[in-house]
Structures are given as structure tokens and as C-alpha cells.
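Structure first, then comments.
Protein chains: 2
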Amino acid sequence: MAKHKNLLENKNTKVIVSSEEVISIGFDKWKTFKFLEEIGLNSPKTYIDLDKAIAAIEAGVLKFPLVLKPRWGSGSIGIEIPETLDELLLSYKLQKLKLKRSILKNASEKDINNAILIQEKIEGVEFGLDVVNDFEGNYFGTFAREKLAMRSGETDKAESVIKPAFDEVGQKLGSHLKHIGNMDVDAFLVNDRLYILELNLRFGGGYPFSHEAGANIAKVYIDWLNEVDEKEVLKNINYKSGISFSKCDRLLNISHK
Amino acid sequence: MAKHKNLLENKNTKVIVSSEEVISIGFDKWKTFKFLEEIGLNSPKTYIDLDKAIAAIEAGVLKFPLVLKPRWGSGSIGIEIPETLDELLLSYKLQKLKLKRSILKNASEKDINNAILIQEKIEGVEFGLDVVNDFEGNYFGTFAREKLAMRSGETDKAESVIKPAFDEVGQKLGSHLKHIGNMDVDAFLVNDRLYILELNLRFGGGYPFSHEAGANIAKVYIDWLNEVDEKEVLKNINYKSGISFSKCDRLLNISHK
Numbered sequence: 001m002a003k004h005k006n007l008l009e010n011k012n013t014k015v016i017v018s019s020e021e022v023i024s025i026g027f028d029k030w031k032t033f034k035f036l037e038e039i040g041l042n043s044p045k046t047y048i049d050l051d052k053a054i055a056a057i058e059a060g061v062l063k064f065p066l067v068l069k070p071r072w073g074s075g076s077i078g079i080e081i082p083e084t085l086d087e088l089l090l091s092y093k094l095q096k097l098k099l100k101r102s103i104l105k106n107a108s109e110k111d112i113n114n115a116i117l118i119q120e121k122i123e124g125v126e127f128g129l130d131v132v133n134d135f136e137g138n139y140f141g142t143f144a145r146e147k148l149a150m151r152s153g154e155t156d157k158a159e160s161v162i163k164p165a166f167d168e169v170g171q172k173l174g175s176h177l178k179h180i181g182n183m184d185v186d187a188f189l190v191n192d193r194l195y196i197l198e199l200n201l202r203f204g205g206g207y208p209f210s211h212e213a214g215a216n217i218a219k220v221y222i223d224w225l226n227e228v229d230e231k232e233v234l235k236n237i238n239y240k241s242g243i244s245f246s247k248c249d250r251l252l253n254i255s256h257k
Numbered sequence: 001m002a003k004h005k006n007l008l009e010n011k012n013t014k015v016i017v018s019s020e021e022v023i024s025i026g027f028d029k030w031k032t033f034k035f036l037e038e039i040g041l042n043s044p045k046t047y048i049d050l051d052k053a054i055a056a057i058e059a060g061v062l063k064f065p066l067v068l069k070p071r072w073g074s075g076s077i078g079i080e081i082p083e084t085l086d087e088l089l090l091s092y093k094l095q096k097l098k099l100k101r102s103i104l105k106n107a108s109e110k111d112i113n114n115a116i117l118i119q120e121k122i123e124g125v126e127f128g129l130d131v132v133n134d135f136e137g138n139y140f141g142t143f144a145r146e147k148l149a150m151r152s153g154e155t156d157k158a159e160s161v162i163k164p165a166f167d168e169v170g171q172k173l174g175s176h177l178k179h180i181g182n183m184d185v186d187a188f189l190v191n192d193r194l195y196i197l198e199l200n201l202r203f204g205g206g207y208p209f210s211h212e213a214g215a216n217i218a219k220v221y222i223d224w225l226n227e228v229d230e231k232e233v234l235k236n237i238n239y240k241s242g243i244s245f246s247k248c249d250r251l252l253n254i255s256h257k
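From first to last, the protein sequence lines stand for chains A and B. Its first residue numbered 1, the first sequence is counted upward by one per residue in UniProt numbering. Its first residue numbered 1, the second sequence is counted upward by one per residue in UniProt numbering.
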């Protein structure tokens, strides 16, 4: 989408997506780590070189359990959580074999020896943030929720939170990244320090929680498109803390007959 | 629950659960395979001994991709799908290490060399079956649904199906197993042959689909408890084929304030 933005916009549409460079920072988890380090935000200790990771373990700098994940894409190949050196070595080898297979299939040319991230496993309270910039990449606002329950990687239950520390982090992210529109951010709070894990340059599965807690970003987008006055735009934001929502399944009849 | 059934029933309650032996057939996936083989139902080729599995691969009897899964419990440790011999060996080693760790933690005494199943990966149309016996273990009925969409192991979309072949399989299962109440069964249909994968001796995540398609087993249970006439009980069953249901998320406000 980012690649064909100009072409699409010629057709009298507005494509609300960040530049290719910004998208690649979210897509490449090693770039994410480097970017966070550069702007001075906390993130889990991360290695891309197995030997360096092992050296760090031996030096006592990096501690088990660790998280192994593919550098690119959305962890469909499956994250591993080794708890010992033996498990790390086996997991790494296995993930490399699997990646090689999928890379060959996709005719990609990624460097296989730098395709797996070895990351410190952060234990803390999990948060999701919607960091919103306007269509020119100027920071607009941050809407945070504490994840109270997860279910296979998705937020099942969450509570809205308002804290100056979250606004500061969101502002730092938004103003340095200059992304366009909504960005879904995964974070962990450990002893009052917020660690950033992932940047998803899109509406994430957690957005409905922000929306229900009073941040109607969909309406904000429409107002921006209609070049509505900023004071009017802000009327769509009535974010309250302490609002808890839970996902709830029901069955919908979709029979053709 | 099965273990303490007598104790609980002395307290003037009715515990609707199968015997310990029947529960163990569902819990131990190797026992499941042996049981299915014994009563002449199809199931994926399954090995519990790595060497025998490798011999079968070399003889061309067992083909990649394979499925590696822990013999006991609900696959929380994660299923592996090796596509080559190297991947099989690495996956097996890794899963063994992880099991050893969790077994040590749980002070279990399971035999670590027979704790991982190596199974043929069946490619076919996936079905879920509710096989219902009465509280004496007599076969009552089978309610089948085709799984149209899955989402992290759970059925997201399904359509009710009525086929004599499914009733036959369900009747065979129920009358041999003599379980109590509802059993959730995972199955694959390949060229008109139904392969049974797993027996879950409880209401499964798919039951709401059976319920919505006309099998009100909850009401059947209540009628049985009230010793209602069998003719009346059957009025709770109006199972129709071709009824499609989809899970649908909504957010529920659960704030305390």
C-alpha cells in the first residue's frame, strides 16, 4: 500500500498510510529495536547474532527465559521461549530450517543468519497503546489500555488508563517516527518503566477498546478528511480511564437458506 | 472430577462425568489411537517411538509433513509440523527437553521416551462431532458440523451436517466407549472416509453450534435428571443440516464505576 500510495491517490482517493521507510521500521523487528534505542525509549535487550547472544548469556548480561522470533513478518512461524542454552540452540536451529524453507518458497533474499531475533523476556504488566498522528505525521494523542486478559495473542479484556508517562512515550514515538494515522503499540510496564515491544503501523485488534473508552479515531479521520476545525475534531476525544471492556462471543446465523 | 465422583454424589449432587478409565482414553492420545484402532475406526497413522517412525518414513509408509504433539494434556506446549527429517529430529529433541522440564516441575512420572506422538498429517475437510450418551452410557445421538473457519484452534464458523456415515461413526464411538453425556470429537473427512483425531470427554467449544442448529443437549440433560419420558426428551432435538453460524465479537462494558 505504502509503495503504491501515489498511484492510488491519483485516482481521487486518500491513502492513509505511512511512508515505506516508516512501515519497514515496524515490519523489521530489528529496525524497531534500533529505532527505539536511537530515540531513547526502553525495549527488551535484543540480539540478532546467535554468537553475540551466547556471549551475553555467558557474561550474565542476558538471562533466560528468552524469546526467539522471526525478524520479519507476523510471527506465524511461531515464537519459541527457550529456558536453557540447549533449548536455545535447538530452537534456533529449528527456526532457521523453517525460515529457510519459507524463504526459498517466497524467493526472498533475506540474510538467513540475521533473520531471527533473540530477545530478553520481559515480565510485567502488558499494555496496548494507540498512538495517533495526523495525516501530515504530527502527533495527535495516545490512548492506552491495560491488557487484563489475553487469548491466543489477542486482547480479550482491557481497561483504559490515563498516565502522563504513557503520553510522553507516545509523543516521543509519534514525533520521531512521523507515521500517518493510528499505530498500535505493544508495551510492558516493569517497575514504572515502560518497555516497547512492537510497533504495528495500523489499527490493531485493541482499537475497539480505545474507541469504546472515548477515543473515536474513525470520526477524527473523517473530520480531518473534511478539513474540519481542530476544535471540532477534539470533540471526538472523551477518553476516560478505568473503563473496562471484555470481548464477548455470540453466534450469528449466516445460513443461506 | 471422575476420581471424586462418588464423594461428590454423596453430597446430593449428580456428577455427569465418565469413569476414570474412559477419561484417560481421551486424555492420553496414544490410548485414543489404540482405542480407535481396536474398534475399527480410521485415525491418522500414529507412532510413539521415534525410531519406529523413522523406519516407517524410510520404508515410505509414513510421509511428511508430520505432526508432533505431547501425548498427554491439551497441547499447550505447542504442536510442531516437521516437513523434513532434519526438522523432525530437531523438533523431537526440543519437545523432549521442554517436556522433561515441565514433567520435573509437575513431579510427574511419565515415561519421557514415550511422551511424544508422531502422527501423519491428515489433509481434508475438518468436522466437529458432538457424540451424546445418556447418563448410563447408552448412545443417544451424533450432531456434526463442518468447520468452515478456524481461529487459533477454535471453530469460528461452522455449518451443521446430517450424514448417515457420521451417525454410524458416532454410534460406534458412543456404544464402545460408554462415556457419560457429551463428547466433543475432532475429525477429518478425506475421500468420504472419516478420520478421528481427538476425543474430548466434555462439552467442547463447538457445542454452541450444535445447540443453535437444533440440538438442545442442555435441556436434554435437565430432562434426564427429572426422569422425563423419552418421547418428551426427544422434543429437544430438531437438528437441521445446512445451518451456518459464525462467531461474532462484541465488546461488553464491565467497568466497576
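Note that beta-carbon positions come from the ideal geometry of N, C-alpha and C, so glycine has one too.
Tell me, please, whether the CB atom of residue 263 of chain A is closer than 8 Å to any CB atom in chain B? As shown, chain A starts at 1 and ends at 257. That puts residue 263 of chain A outside it, with no answer to give.
Using a Cβ-Cβ cut-off of 8 Å (strictly less than) and excluding sequence neighbours within five positions of B:Ile81, which residues of its own chain qualify? Numbered from its first residue, the second sequence carries residue 81 of chain B at position 81. Setting aside the 5 residues that flank it on each side, B:Ile81 is surrounded in the same chain by Pro65, Leu66, Val67, Leu68, Lys121, each with a C-beta closer than 8 Å to its C-beta; the list follows chain order.
List the residues of chain B that A:Arg250 touches, going by C-beta distances under 8 Å, in chain order. Within the first sequence, numbered from 1, the residue matching residue 250 of chain A stands at position 250. Within chain B, the residues near A:Arg250 are Lys247, Cys248, Arg250.
Answer with buried or exposed for A:Asp249, where buried requires no fewer than 16 other C-beta atoms within 10 angstroms of its C-beta. Mapped onto the first sequence, residue 249 of chain A falls at position 249. So A:Asp249 counts as exposed.
State yes or no: is the beta carbon of B:Phe135 nearer than 8 Å to at least one beta carbon in chain A? Within the second sequence, numbered from 1, the residue matching residue 135 of chain B stands at position 135. Output row for B:Phe135: interface = no.
Taking a contact to mean a Cβ-Cβ separation below 8 Å, would you say A:Lys98 touches B:Glu37 in this structure? Numbered from 1 along the first sequence, position 98 holds the residue referred to as residue 98 of chain A. Numbered from 1 along the second sequence, position 37 holds the residue referred to as residue 37 of chain B. The Cβ atoms of A:Lys98 and B:Glu37 do not sit closer than 8 Å to each other.
Would you decide whether B:Pro164 is buried or exposed? Buried here means 16 or more other CB atoms lie within 10 Å of its CB. Walking along the second sequence from the start, residue 164 of chain B turns up at place 164. Exposed, because fewer than 16 other Cβ atoms sit within 10 Å of the Cβ of B:Pro164.
Could you pull out every residue in the same chain whose Cβ sits closer than 6 Å to the Cβ of B:Ala59, ignoring the five residues on either side in sequence? Along the second sequence, read from residue 1 onward, the residue named residue 59 of chain B stands at position 59. The answer is none, since no qualifying residue turns up.
Tell me the rounded alpha-carbon separation between B:Thr155 and A:Leu252. Position 155 of the second sequence, counting from 1, holds the residue named residue 155 of chain B. Position 252 of the first sequence, counting from 1, holds the residue named residue 252 of chain A. C-alpha separation (whole angstroms): 13 Å.
Would you call the segment 139-151 of chain A in contact with the segment 7-21 of chain A, where contact means no fewer than 3 C-beta pairs closer than 8 Å? Between the segment 139-151 of chain A and the segment 7-21 of chain A, the count of C-beta pairs closer than 8 Å stays below three; the two stretches do not touch.
Chain B contacts made by the segment 171-192 of chain A, where a contact means CB separation under 7 Å: none
Can you pull the chain B neighbours of A:Ser91, defined as C-beta to C-beta under 7 Å? Taking the first residue of the first sequence as 1, we reach residue 91 of chain A at position 91. Contacts between A:Ser91 and chain B, judged by CB atoms closer than 7 Å, involve Leu94 in chain order.
My output table needs one value for A:Tyr239: the three-state DSSP class, helix, strand or coil. Sequence index remark: in the first sequence, residue 239 of chain A carries index 239 (1-based). Residue state, collapsed to three classes: coil.
Sequence-distant residues of the same chain with beta carbon closer than 8 Å to B:Gly40, five excluded per side: In the second sequence, residue 40 of chain B corresponds to position 40, counting from 1. Taken in chain order, the residues that qualify are Lys172.
Return helix, strand or coil for A:Pro208, following the three-state DSSP convention. Residue numbering aside, residue 208 of chain A sits at position 208 when the first sequence is read from its first letter. A:Pro208 falls in the helix class under three-state DSSP.
Residue range of the beta strand (DSSP E) that includes A:Glu146: The residue given as residue 146 of chain A occupies position 146 in the first sequence. A:Glu146 -> beta strand (DSSP E) spans 139-151.
For the alpha helix (DSSP H) that A:Thr32 lies in, which residues bound it at each end? What you label residue 32 of chain A is simply residue 32 of the first sequence in a count that begins at 1. Unbroken alpha helix (DSSP H) run through A:Thr32: 29-38.
Name the DSSP beta bridge partners of A:Asp186, please? Working through the first sequence from its first residue, we reach residue 186 of chain A at position 186. Paired residues: A:Gly128, A:Glu198.
Pull up the distance between the alpha-carbon of B:Val161 and that of A:Lys45, whole angstroms please. For this step, residue 161 of chain B is matched to residue 161 along the second sequence. For this step, residue 45 of chain A is matched to residue 45 along the first sequence. Distance between the alpha carbons of B:Val161 and A:Lys45: 52 Å.
Could you please give me the residues that DSSP links to B:Ala158 through a beta bridge? Translated into the one-based positions of the second sequence, residue 158 of chain B becomes position 158. According to DSSP, which records beta bridges pairwise, B:Ala158 is partnered with B:Lys147, B:Phe245.
Using the Cα positions of B:Leu201 and B:Leu225, report the straight-line distance between them to the nearest angstrom. One-based indexing of the second sequence puts residue 201 of chain B at position 201. One-based indexing of the second sequence puts residue 225 of chain B at position 225. Cα to Cα, the separation comes out at about 19 Å.
Step through the CB atoms of chain B and report whether any lies within less than 8 Å of the CB of A:Asn6. Counted from its first residue, the first sequence places residue 6 of chain A at position 6. No, A:Asn6 does not count as interfacial toward chain B.
Chain B beta carbons: is any one of them nearer than 8 Å to that of A:Glu123? Position 123 of the first sequence, counted from the first residue, corresponds to residue 123 of chain A. No, A:Glu123 lies away from the interface with chain B (no Cβ there is under 8 Å from its Cβ).
For chain B, check one thing: does any of its Cβ atoms lie closer than 8 Å to the Cβ of A:Pro164? Counting from 1 along the first sequence, the entry for residue 164 of chain A is found at position 164. False, the Cβ-Cβ gap to chain B never drops below 8 Å.
Excluding sequence positions up to five away, which residues of its chain have a Cβ less than 6 Å from the Cβ of B:Ala107? Sequence index remark: in the second sequence, residue 107 of chain B carries index 107 (1-based). Reliability of the predicted coordinates at B:Ala107 is poor, the pLDDT of 46 falling under 50, and no value is obtained from them.
Alpha carbon to alpha carbon, what distance is there between A:Val15 and A:Met1? Along the first sequence, one-based indexing puts residue 1 of chain A at 1. Along the first sequence, one-based indexing puts residue 15 of chain A at 15. Roughly 8 Å between the two C-alpha positions.
In chain order, what residues of the same chain lie with their CB nearer than 7 Å to the CB of B:Ser19, ignoring the 5 residues before and after it? Translated into the one-based positions of the second sequence, residue 19 of chain B becomes position 19. Contacts found: Ala2.
Report the option in A:Leu177, A:Asp111, A:Asn133 whose CA atom is closest to the CA atom of A:Thr32. The residue given as residue 32 of chain A occupies position 32 in the first sequence. Nearest of A:Leu177, A:Asp111, A:Asn133 to A:Thr32, Cα basis: A:Leu177.
Straight-line CA distance for A:Gln95 to A:Ile118? As a working mapping, residue 95 of chain A is identified with position 95 in the first sequence. As a working mapping, residue 118 of chain A is identified with position 118 in the first sequence. Each residue's Cα considered, the two are about 12 Å apart.
Within chain A, partners of B:Phe209 - CB distance below 9 Å: Taking the second sequence and counting its residues from 1, one reaches residue 209 of chain B at position 209. The answer, in chain order, is Leu251.
Count the other C-beta atoms from every protein chain shown that fall within 10 angstroms of the C-beta of A:Leu85, then say buried if there are 16 or more, exposed otherwise. Along the first sequence, read from residue 1 onward, the residue named residue 85 of chain A stands at position 85. Classification for A:Leu85: exposed.
Below 8 Å CB to CB, which residues in the same chain sit around A:Phe209 once its five sequence neighbours on both sides are set aside? Taking the first sequence and counting its residues from 1, the one referred to as residue 209 of chain A is at position 209. Contacts found: Gly128, Arg145, Thr155, Ala158, Ser160, Phe245.
Do B:Ile180 and B:Asn133 have their beta-carbon atoms positioned less than 8 Å apart in this structure? Locating residue 133 of chain B in the second sequence gives position 133, counting from the first residue. Locating residue 180 of chain B in the second sequence gives position 180, counting from the first residue. Yes. Within cutoff.
Along the chain, where does the beta strand (DSSP E) that runs through A:Ile116 open and close? In the first sequence, residue 116 of chain A corresponds to position 116, counting from 1. Element bounds for A:Ile116: 116-120.
Residue range of the unbroken alpha helix (DSSP H) whose run includes A:Leu7: What you label residue 7 of chain A is simply residue 7 of the first sequence in a count that begins at 1. Looking at the DSSP string, the run of the alpha helix (DSSP H) that includes A:Leu7 is 5-10.
Extent of the continuous alpha helix (DSSP H) run through B:Lys219: Taking the second sequence and counting its residues from 1, the one referred to as residue 219 of chain B is at position 219. 217-225 is the extent of the alpha helix (DSSP H) around B:Lys219.
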